[in-house]
Every structure is written in structure tokens, then in C-alpha cells.
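Data first, discussion second: the structure below is written as C-alpha cells.
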Amino acid sequence: MIGPAHAASGTVTVRSGDTLYKIATRAGLSVAQLKASNSLKSDTIQVGQVLKLSRVAAIPATPGRAPAATPAAVTYTVQRGDVLSKIAAKYGVSVGALQAANHLSGTLITPGQRLTIPARGAAPAPRPTTEVRTLYTYIHVNAGDTAASIARKYRVSVDKLRRLNGLSSYKYIVPGRKVLVPSHIPVPIPPRPQGRAASHKQLRPLNIPVQIVNVDLRYRDVLIAPVLPGGGLRFGSGARISQLARSSGAQAIINGSYFHPHSYAPAGDIVMQGRMLTWGRIPQALAITPDNRAAIRPSTTGLLRVPLDSAWQGMETVIATGPRILMGGRVQFQYSSAFRDPALFGRAARSAIGLVSNRDLVMVSTKSRLTTTEMAKVMARLGVRDALLLDGGSSTGLAWNGKPVLDSVRKVSYGIGVFTEYTGRRYIR
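Below you can see the structure in the form of C-alpha cells.
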């Protein structure tokens, strides 16, 4: 259907309820064009006023809706003393629409800057939900690959590729080797932080004294990662929590999962900086992406039998531990057959790690001698929805600001560290 054309005289008489925007829309003009045709200094018009139209308009009409207008772009040069809200008010648009039209993330503008003025009534563009981040990953070198071809594929120079992998110009990249490369990957924009990046409290849920660290994973510069003894994961290498706290620079550390009492080899999967360090039979793990989304999920190596090269894809940090003592806020009374040691279920000092949400991590330690069920109830009282037991007994320990608040009696295989001002590379498996 074609809407009625305006009279050949090219004028319109203002009626009750008319605005410049309504008249411009009906005429297929922008507000700026209409104001220019009539030498108007403001948007004020009066009933009975005759306005000139720059052209005759015949506009397709949609029943029940005003015809769509396609106004010409209007630009404005920022003057000294201008602010974004003042310019938006001058042209009758929202600040958000003005920001969207000019791809502005804030309100800072400078004299001489040219701004595109959107049509009046234009809605702000929806805020982006993802951002592109540079994440580093390890890839296999295939037959026929060269430093030049890999560098070209991942958009880096050959020199940078060699520096990333500690290679001199005399060392070649050979098939079968793993090399570190950068990838530009879209990830969800994190929600606004809700508190401090990390905080430490001493509380008495269920009248049991506990040491608690809360971590807000909405911060981009928070990193959760295994903290290894000085010698790394090697035979006979371990350290007490106080030692790990002094050497790591972490804001907080809690003891990790179970390990062999003599070799100190961890009993479950560990992924650190996107690389799998160990794997084992423990069926549940805390898994965290490089953009800090955390979940407790089944082990891909222990239960699903996924090849090691394909395990935990998309993750930066993985710590397999357990048993799972809370699921969806409910205390669990039955555990995987992987946990057979009767000592595990007796009364002992306890450590656990859990999630209130996928952005809220909680670490808890207590020297009180609790059963696994009692520790689950403590975690639930603290608002935790999903939780895994860590190693307990003489391994129990937690440190804050480089000092132990509960030191482990014995050496542990590794700790779980919270780094709150991390500015280094982020990795993805």
C-alpha cells in the first residue's frame, strides 16, 4: 500500500499533537532537514504553523505504523565546553544513541572531534556480549610445518614465535613437537564485579571455626592456578603451605588434592596454563576457563576416556579432587568408588573448594575434626552450591597475604593459588 503524497505546494500545517519528529517521519525527512527548510532554531512548533517540506514524499505505509524514514546523516563538530549530554539534548537524542552512532565507550569528547548525530528516537545499539582476547595455546607441529608457515597462520613474526618457545635461530621446529602460539578468541564479557577480588574471613558456621577466602572471578586480572613446590611436580618434591605462600606471591593459597605419600605424585588431573601436568582416576574436577568461568564437572580422562590431547579443551586451569560433597546445594552422601580409603571418611581437619556461582569461588579450611558430611553442611551454610573436598588431616592449610592462617603439618604436593593482580599471559587448552 502507498501512503498519501504531500500536496504539490510542499507545505504542511501543524496539527494538535504534531512534533517535528512526527512530521519529518511522515515526509521522509530528517528533523535536521525540516528545521533547515524552515530556519528553525529549536524544536518548538505551534498548532496552525505552516512548515515547508523540501520535497514531495510518497512513502510505503504499513498498517498501524508510521512510514519508516531514512534521514540523511548529520554531523557536528565538537566545540570547546561541549559535553556529550549537552549535544544529545541539543539534537533530541539519547546519550546512549550518540555513543552508539560514534562507537564511543565513554563520554570523553574533544574540541574539533566530528560526531555523527543519529536520527531522533534512534535506540542505542545493544551492548556487545563478547570481547576478543589474546589467549595462548600449545599446538602440535605436523609434517611439513615450518616456523614461517606457523607464524603466518597465527599472525605473528617468526622471531616472536621463536621467543615464545625459547628457540634460538639455530633450533628448528620439528614434527611432533608442541609449540606455543597466540590465538585471538571471542569470550564473554564478564559481569561487573560485586566486591573485592579476594577477601579473607574467620567465621563460625554451625559453631565450627573456619577460615574462608572468597574470590570474585568477574575480575579479568584474577587467576586461579596450581602452586607447585620449587622443584615442580617431581618425585619426592613437596612443600608446606607456609612455604608455598612465601615463594608464590599469591594472595591466597589452600592445599590441593590427594597425592602419593612418598612420591608426592597428585592422584588426579591437573591442568596449568593450558597444559596437562598429571592425570588420574579422580572423577570430578574444578575447571576454569581463561576468562574466569568456573564449574565442577566430570573428569574427561577418568570417566569419559577422552584422549589426553583432547581432554579439558577450552580450560586454563583444572584441579581434579573430591569427593563431591555438595551438588546444587544438596549434601551428597554417596561418593565415587574411586574414594576407597576409610581414613577419608573419618573425623579429620578439612579443606574444601566450592562455587556459589560460576563467578564466585569459595575456599574453606578448618582444624576442627569433621566428617565429610559435616564439612558439606558447613559449605552449604556458607551459601556454596557445589563443592569438592580437598586433601585433609595433616595436609589441611590455608594462607593469606603470604602468611599461613592454618599451616599444613606436613608437606603437600601442591596448593591452589589465588592471584589478584595477574597481568601475564592467559592460556587455553
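The sequence shown begins at 169 in the working numbering and counts up one residue at a time. Idealized CB from N, CA, C, for every residue including glycine. Owing to the predicted nature of the structure, the values given are computational and were not obtained by experimental measurement.
Throw me the rounded Cβ distance for the residue i and residue j pair, which I believe falls under 8 Å.
i       : j       : result
Leu-523 : Arg-553 : 6 Å
Pro-358 : Asn-460 : 7 Å
Leu-252 : Val-263 : 6 Å
Arg-508 : Thr-539 : With a Cβ gap of about 17 Å, Arg-508 and Thr-539 do not count as contacting.
Ala-407 : Val-573 : About 17 Å separates the two Cβ atoms, so there is no contact after all.
Pro-451 : Ser-416 : Rounded, the Cβ-Cβ distance is 28 Å, inconsistent with contact.
Suppose you measure from the CA of residue i to the CA of residue j; what does that come to, to the nearest Å?
i       : j       : result
Arg-414 : Gly-570 : 5 Å
Arg-331 : Tyr-595 : 17 Å
Leu-153 : Lys-535 : Outside the displayed span of the chain (169 to 597) sits residue 153, for which this structure offers no information.
Tyr-426 : Glu-589 : 28 Å
Leu-303 : Val-347 : 14 Å
Gly-274 : Gly-185 : 35 Å
Ala-548 : Ala-433 : 31 Å
Ser-562 : Gly-583 : 14 Å
Ala-236 : Gly-289 : Note that Ala-236 has pLDDT 45, beneath the 50 cutoff, so the model's placement of it is unreliable and the number below is only indicative. For Ala-236 and Gly-289, the distance between alpha carbons rounds to 12 Å.
Ser-317 : Leu-385 : 37 Å
Asp-389 : Pro-356 : 15 Å
Ile-307 : Asp-327 : 18 Å
Thr-187 : Gly-178 : 18 Å
Thr-591 : Arg-301 : 13 Å
So, using beta-carbon positions, are residue i and residue j closer together than 8 Å?
i       : j       : result
Ile-341 : Thr-305 : no
Gly-585 : Val-395 : yes
Leu-558 : Thr-489 : yes
Ala-555 : Leu-494 : yes
Ser-576 : Ile-456 : no
Ile-487 : Gly-424 : yes
Ala-256 : Leu-266 : yes
Ser-533 : Gln-362 : no
Ile-438 : Met-531 : no
Arg-194 : Val-215 : no
Val-199 : Tyr-189 : yes
Thr-284 : Val-246 : no
Ala-311 : Pro-343 : yes
Thr-485 : Ala-567 : no
Ile-376 : Val-499 : no
Which residue wins for smallest C-alpha separation from residue i, given the options the options?
i       : options                            : result
Ala-453 : Ser-431, Met-483, Asp-459, Asn-270 : Met-483
Arg-248 : Val-355, Ile-191, Gly-280, Asn-526 : Gly-280
Gln-419 : Pro-354, Arg-465, His-368          : His-368
Gln-411 : Ser-505, Pro-397, Ser-405          : Pro-397
Asp-250 : Leu-276, Ala-463, Leu-272, Asn-270 : Leu-276
Ala-479 : Arg-578, Gly-404, Leu-445          : Leu-445
Arg-537 : Arg-527, Ser-519, His-430          : Ser-519
Ser-467 : Gly-496, Pro-458, Ala-435, Gln-441 : Ala-435
Asn-333 : Pro-491, Val-309, Thr-212          : Val-309
Gly-448 : Ile-307, Arg-345, Ala-506          : Ala-506
Pro-491 : Leu-208, Asp-477, Ala-544          : Ala-544
Pro-373 : Gly-178, Arg-597, Leu-550          : Leu-550
Pro-286 : Ala-319, Val-242, Arg-301, Ser-207 : Val-242
Thr-155 : Ile-353, Gln-201, Ile-521          : The requested residue 155 does not occur in the structure, where the chain is confined to residues 169 to 597.
Phe-501 : Leu-371, Thr-541, Arg-578, Ser-525 : Thr-541
Any beta-carbon of chain B closer than 8 Å to the one on residue i?
i       : result
Arg-282 : No chain B appears in the structure shown, which is made up of a single protein chain.
Within the same chain, show all residues whose beta-carbon is closer than 6 Å to that of residue i, passing over the 5 residues directly before and after it, in chain order.
i       : result
Val-383 : Ala-366, Leu-529, Val-586
Arg-593 : Tyr-304
Gln-114 : The chain is shown only over 169 to 597; residue 114 falls outside these bounds and no answer can be derived.
Ala-269 : Thr-284, Pro-286
Arg-527 : Leu-385, Arg-386
Given 7 Å as the limit, tell me if residue i has its C-beta closer than that to any heavy atom belonging to the ligand NAD.
i       : result
Ile-464 : This structure simply doesn't include the ligand NAD, nor any ligand for that matter.
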